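*Asks:* Following this message is one structure expressed as structure tokens.
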Amino acid sequence: MSNFSKREDSPPVSDEKGGFKAPVVDTPVSDVAGLGYGSEDGQANDAALLLRTDIWIMPMMFILNFGAARMDTLGVAMMGFPNTDYWVSVLVFFIGYIIFQLPAALLVRHGGIAVAFVKNWQQLAVVRAILGGLESGFLSVCTLLITCWYTRFELGLRMTIFYQGVTINQAAAPILAYLVGLMEGIAGLKGWQWIFIIFGIIIIIIACISLVFVQNFPERATFLSEDDRKRVLDRLEEDRNDHIVCDAHVWEKILYHFRCWMIWALGLAYGCANVSVTALPTVGVAHLGSLGYTPAGTSALAIAPWVVGAIVAITASWHSDRTRMRSPYILLGAVMCVVGFGCMLSKNVGASVFGTFLAIAGSATQLPLIMVMLQNNVRGTCKRAVAGAITLGFGAIGYMASASLFTSSSAPLYRQGCIASIAMQAGLFVIVAAVALRFRALNAQLDAEVPGSPDSSERKGVHTVSWRYTL
């Protein structure tokens, strides 16, 4: 066990302007001297360890996110309920989803198909409310797990790959809708019933596989030796002085972290981004359908924007890790979305299709990087759990807003929703830019204070690790 295993995140010092400064933490040289930090052998060992971690962690995270993506909304849309009943059935999902976000994220370290047979929208609403509560912890727990394996500047690419499970799922949605339409009447079931049955079976299979292959947190990982587990924890300590424990005085810490301004600011930005991204599968198909292809051709063509979006997002996140910056890529994604949704308002087919590609690429880029920017700037498991829960709660609110703005009555241009998305992206731009400027100012304060600190690196026998906010 690492020498840091009993350390818990202490509240950062508040400055006179309301910002937060993380303390300078001293790490004894004896703790790091034998681990190969900076040496060629140490770097090679770390690269091999990182590759093994990627092989064991990321594929299952991607597959789980692909299976958990809300394809069920497609099935709900095909049920033929009146518009009001349909939206009640969609929105009620998020009641339990929001309420149980934080408990699920905190409890993780300590501890479907039925929808196809509902007969009316009231039964559907009840089943989906239960489903929302059960699904609430999935994304926050997966986010917490990934952040507990990777250092801050390994996180952008991995989190983006994880999020692309949803992107690829959305790419497959139009084809699935077309195929299940062909299954209408088989075994006396409607097409929408087959969506729930097929995806319910897939999710059950994935869940069974995950019981065997999904790894725990680093200190309990079965695929690593004791030395490798220690090395993973030491890498995290060197990067952020943040060991993954959350036990004593947990509720006091939760209440304290609820007052952190950056969590609410970036959570709001995440919610703004989610207004756009959740509507794009429906809007994109509608705009591509204007090209005049057959339903089968439109379904096949609808894959293209999501594939392009995934490539753009992964490339941007890789470069973001290399530059150790998040906000420029998020802001670029916001600009792409504003231009994209603006083009989608046009009745010109070429401009509309171009806007679809641009908006999807911008959304796929910004959403995971907002989460990464937040996770890069918090320390301690409790604060990570609170940050993830609040952020995903805002995301659920954004989804509900999207469901209310992009209604079938506004098809095919979805003018109201596109205008709202442009406004949300503009708000996101202002929030992220303001947070980045605040982080820059706080880093300047830390740069000025550390050299004169009694705990500076001039102290003999001490390796000083100083926190800096990620812009």
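Here the sequence shown is numbered in the working numbering, starting from 54 and rising by one per residue.
For glycine and all other residues, C-beta sits at the position ideal for the given N, C-alpha and C.
Since this is a predicted model, take the numbers as computed values, not measurements.
In angstroms, rounded to a whole number, what distance separates the CA positions of N222 and G433?
*Replies:* 32 Å
*Asks:* With a Cβ-Cβ cutoff of 7 Å, do A440 and I356 count as a contact?
*Replies:* no
*Asks:* Note down, one range per segment and in chain order, each alpha helix (DSSP H) of at least 4 residues found wholly within the stretch 243-300.
*Replies:* With a minimum length of 4 residues, the continuous alpha helix (DSSP H) runs that stay inside the stretch 243-300 are 244-266 and 279-293.
*Asks:* Tell me, to the nearest whole angstrom, how far the beta carbon of L499 is from that of L192; I am working on the premise that it is less than 8 Å.
*Replies:* The beta-carbon separation of L499 and L192, rounded to 32 Å, does not stay under the 8 Å limit for a contact.
*Asks:* Please report the straight-line C-alpha distance between A412 and I364, rounded to a whole angstrom.
*Replies:* 14 Å
*Asks:* From W247 to I116, what distance separates their C-alpha atoms?
*Replies:* 21 Å
*Asks:* Do you know offhand how far T460's Cα is from L420's?
*Replies:* 23 Å
*Asks:* How should L244 be labelled, buried or exposed, when 16 other C-beta atoms within 10 angstroms of its C-beta is the threshold for buried?
*Replies:* For the record, residue 244 in the displayed sequence is Gly; it is not Leu. With 16 or more neighbouring CB atoms inside 10 Å of its own CB, G244 falls in the buried class.
*Asks:* Tell me which residues share the same chain as N327 and place their Cβ nearer than 6 Å to its Cβ, disregarding the 5 neighbours each side in the sequence.
*Replies:* G448, G451 and Y452
*Asks:* What is the residue span of the alpha helix (DSSP H) that P358 lies within?
*Replies:* I356 to T376
*Asks:* Give the single residue among V285, L466, C390 and Y382 whose Cα lies nearest to the Cα of T523.
*Replies:* Y382
*Asks:* If the criterion is Cβ atoms closer than 7 Å, does the pair A473 and L458 meet it?
*Replies:* In this structure, A473 lies near L458, with their beta-carbon atoms less than 7 Å apart.
*Asks:* For T331, count the other beta carbons within 10 Å of its own beta carbon; 16 or more makes it buried, fewer makes it exposed. Which is it?
*Replies:* buried
*Asks:* Would you kindly check if the distance between the Cβ of A366 and the Cβ of A417 is under 7 Å?
*Replies:* yes
*Asks:* Would you kindly work out how many angstroms separate the C-alpha atoms of V219 and M424, rounded to a whole number?
*Replies:* 15 Å
*Asks:* Could you tell me whether the stretch 391-410 touches the stretch 250-258, where touching means 3 or more Cβ pairs closer than 8 Å?
*Replies:* no
*Asks:* Once the 5 residues before and after M477 are set aside, which same chain residues still bring their CB inside 6 Å of it?
*Replies:* A distance below 6 Å between beta-carbons, with the five flanking residues on each side excluded, links M477 to the following residues of its chain, in chain order: C325 and V328.
*Asks:* With C-beta atoms as the reference, is C201 less than 7 Å away from F276?
*Replies:* no
*Asks:* According to DSSP, simplified to helix, strand and coil, what is F492?
*Replies:* helix
*Asks:* What residues in its chain sit with their C-beta under 6 Å from that of G470, if we drop five residues either side in the sequence?
*Replies:* Sequence-distant partners of G470 (beyond 5 residues in either direction) whose C-beta falls short of 6 Å from its own C-beta, in its chain, are A332, L458 and F459.
*Asks:* Over the uninterrupted alpha helix (DSSP H) stretch that includes M453, give me the two end residues.
*Replies:* T434 to L458
*Asks:* Is it the case that the Cβ atoms of Q268 and A260 are separated by a distance below 7 Å?
*Replies:* Cβ distance not < 7 Å, so Q268 and A260 don't count as in contact.
*Asks:* Nearest-angstrom Cα distance between W314 and I228?
*Replies:* 43 Å
*Asks:* Give the DSSP-derived three-state secondary structure of N401 in the structure shown.
*Replies:* coil
*Asks:* I believe T204 touches D287 by the beta-carbon criterion, under 8 Å. Please report the beta-carbon distance rounded to the nearest angstrom.
*Replies:* With a Cβ gap of about 11 Å, T204 and D287 do not count as contacting.
*Asks:* Please check the pair A318 and I475, which I expect to be a contact at CB under 8 Å, by giving their CB distance rounded to whole angstroms.
*Replies:* Not quite, the Cβ-Cβ distance comes to about 20 Å (not below 8 Å), so this is no contact.
*Asks:* Here's the rule I'm using: 16 or more other beta-carbon atoms within 10 Å means buried, otherwise exposed. How should K400 be labelled?
*Replies:* exposed
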